[in-house]
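Participant: To start, I am sharing the structure in question, which I have written as structure tokens.
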Amino acid sequence: MFRFYVNCHNWTPSQDEWLQATRCITQTELERIHKFVFQRDAKFALAGQLLIRYLLAQALQRKSSSFEIQRTEYGRPFINSPEKFDFNLSHHYHLVCIAGTFHGLVGCDTMEYRVNAKPRESIESLTELLRKEFTKNEYDYILKKSSDVNVHFRHFYRIWCLKESYVKWLGCGIGFTLARMNFCIQTDEFDESDAQQVLSDTKLELDNAPLKDDLRFDEQIIPLENNEQQIIAVCSSNKNSCQPFIELTIADILQGCSPLDETKQADEKWWKLFQTKQIK
1 MFRFYVNCHN
11 WTPSQDEWLQ
21 ATRCITQTEL
31 ERIHKFVFQR
41 DAKFALAGQL
51 LIRYLLAQAL
61 QRKSSSFEIQ
71 RTEYGRPFIN
81 SPEKFDFNLS
91 HHYHLVCIAG
101 TFHGLVGCDT
111 MEYRVNAKPR
121 ESIESLTELL
131 RKEFTKNEYD
141 YILKKSSDVN
151 VHFRHFYRIW
161 CLKESYVKWL
171 GCGIGFTLAR
181 MNFCIQTDEF
191 DESDAQQVLS
201 DTKLELDNAP
211 LKDDLRFDEQ
221 IIPLENNEQQ
231 IIAVCSSNKN
241 SCQPFIELTI
251 ADILQGCSPL
261 DETKQADEKW
271 WKLFQTKQIK
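In UniProt numbering, the protein residues as written are 1 to 280.
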């Protein structure tokens, strides 16, 4: 199995980097990326497209430019390949992450976990959402394991990330009733002294019954600056190895990507368009 992430929050693109990146993805994706209003969103979207091609090149041992990446009706990227390779991308907060496998399907999601900023809303304001989208077991894990509101939010993000990873494994997009899923957490907290720890003992019940699919949920905490953390959850077949994510830099990814057309120079308009976008 393949698992990579890049801290895109820390990336301040240079003109050369941006133009090199634009040579490695399609015109269609470039046009989609440059519909974003903010530089941050365009930056994360571009990094995501590069990461997909980097992963495919690593997994299938071909040039990144050789792949025709398509999208399902729900917008999920995929490739038609005799090797039956599946991958899933996620980006949120500081990270862009991806997981890929030759063994069945994969769903990957990431969320903030421990952050220094004051929450945008109180945990009490989420009560209605919790009662609607979470089971009593999940509700109790979020609110009753600790009196610390920061722990409440961490548990909320963890369960939400797990739910999203399963929905993304299904590949059905929005519309799946989240309350059908009941995640049974076996290990309440991560070992913060072990940056490579991957928990894989969380179990899923679906419609009040044990999950019939032979799936495993892997969870990992990624340390960020200023003692913050982000969580990544991966849903995949038990046939896949349980392994930590590998951190990449943008330079690593660009080195592993090749231009779609070696004979064409970069079009500077893409850099100029990026420069006109708003900064959050």
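Cβ coordinates follow ideal geometry from the N, Cα and C atoms, glycine included.
Nothing here was measured: the structure is a model prediction, and the numbers come from that model.
With a 10 Å radius around its C-beta and 16 neighbouring C-beta atoms as the bar for buried, classify Pro210 as buried or exposed.
Facilitator: So Pro210 counts as exposed.
Participant: Rounded to the nearest angstrom, how far is the Cβ of His152 from that of Ile123, given a contact under 8 Å?
Facilitator: Rounded, the Cβ-Cβ distance is 5 Å, consistent with contact.
Participant: DSSP three-state label for Thr22, please.
Facilitator: Thr22 falls in the helix class under three-state DSSP.
Participant: Report yes if the C-beta distance between Val198 and Gln230 is below 7 Å; otherwise report no.
Facilitator: No, Cβ-Cβ distance for Val198 and Gln230 is not below 7 Å.
Participant: Given this structure, state the Cα-to-Cα distance separating Leu126 from His91, to the nearest angstrom.
Facilitator: Roughly 23 Å between the two C-alpha positions.
Participant: Anyone know if the C-beta pair for Cys242 and Asp218 falls short of 7 Å?
Facilitator: Yes; because the gap between Cβ atoms is below 7 Å, this pair is in contact.
Participant: Can the beta-carbon of Asn116 be found closer than 7 Å to that of Asn226?
Facilitator: Taking 7 Å as the Cβ cut-off, Asn116 and Asn226 qualify as a contacting pair.
Participant: Cβ atoms of Phe4 and Leu254: under 7 Å apart, would you say?
Facilitator: Cβ distance not < 7 Å, so Leu254 and Phe4 don't count as in contact.
Participant: For Gly175, count neighbouring C-beta atoms within 10 Å of its own C-beta (all shown protein chains included) and say buried if the count is 16 or more, exposed if not.
Facilitator: By the 10 Å Cβ count, Gly175 comes out exposed.
Participant: Is there contact between the stretch 140-147 and the stretch 260-267, where contact requires at least three CB pairs shorter than 8 Å?
Facilitator: In short, these stretches do not touch, since the Cβ pair count stays below three.
Participant: I'd like the span of the alpha helix (DSSP H) that includes His103, first residue to last.
Facilitator: Unbroken run through His103: none, as it is neither H nor E.
Participant: Between the stretch 70-80 and the stretch 17-28, can you find at least three pairs of beta-carbon atoms closer than 8 Å?
Facilitator: Counting Cβ pairs under 8 Å, fewer than three are found: no touch.
Participant: Taking the beta strand (DSSP E) that Thr202 belongs to, which residues open and close that run?
Facilitator: Run containing Thr202: Val198 to Leu206, per the beta strand (DSSP E) assignment.
Participant: Sort out for me which residues DSSP pairs Gln61 with in a bridge.
Facilitator: BP columns for Gln61 are empty, so no partner.
Participant: Run through DSSP, which three-state label would Glu112 get?
Facilitator: Reduced to three states, the DSSP call for Glu112 is strand.
Participant: Note down, in chain order, each residue of its chain lying with its Cβ closer than 8 Å to the Cβ of Ser64, except the 5 sequence neighbours on either side.
Facilitator: Closer than 8 Å at Cβ, skipping near neighbours: Cys24, Arg53, Tyr54, Leu56, Ala57, Gly256, Cys257 and Ser258.
Participant: Quick one, are the C-beta atoms of Asp109 and Ala233 less than 7 Å apart?
Facilitator: Result yes, Cβ atoms of Asp109 and Ala233 sit closer than 7 Å.
Participant: Going by the CB atoms, is the gap between Phe38 and Gln275 shorter than 7 Å?
Facilitator: Not a contact, by the Cβ cut-off of 7 Å.
Participant: Look at the Cβ atom of Ala45, then the Cβ atom of Ile33, and state whether they are nearer than 7 Å.
Facilitator: Going by C-beta atoms, Ala45 is nearer than 7 Å to Ile33.
Participant: Within a Cβ cutoff of 6 Å, which residues of the same chain sit near Glu104, ignoring the five residues on either side of it in sequence?
Facilitator: Checking the sequence, you will find Gly at residue 104 rather than Glu. Excluding positions up to five away in sequence, the list reads Ser237.
Participant: Could you give the distance in angstroms between the alpha-carbon of Ser193 and the alpha-carbon of Trp270?
Facilitator: Rounded to whole angstroms, Ser193 to Trp270 spans 43 Å at the Cα level.
Participant: Is Ile250 closer than 7 Å to Trp18 when the C-beta atoms are compared?
Facilitator: Not closer than 7 Å, so no.
Participant: Secondary structure at Phe4, three-state DSSP: helix, strand or coil?
Facilitator: DSSP places Phe4 in strand when its eight states are reduced to three.
Participant: In chain order, which continuous runs of the beta strand (DSSP E) of length 3 or greater are located wholly inside the stretch 214-262?
Facilitator: Those beta strand (DSSP E) runs which fall completely within the stretch 214-262 and span 3+ residues are 215-223, 229-237 and 246-248.
Participant: Could you give the uninterrupted runs of the alpha helix (DSSP H) lying entirely in the stretch 155-190, keeping only those of 4 residues or more?
Facilitator: List check, alpha helix (DSSP H) in window: nothing returned.
Participant: Between Tyr157 and Tyr113, is the Cβ-Cβ spacing less than 7 Å?
Facilitator: Cβ distance < 7 Å, so Tyr157 and Tyr113 count as in contact.
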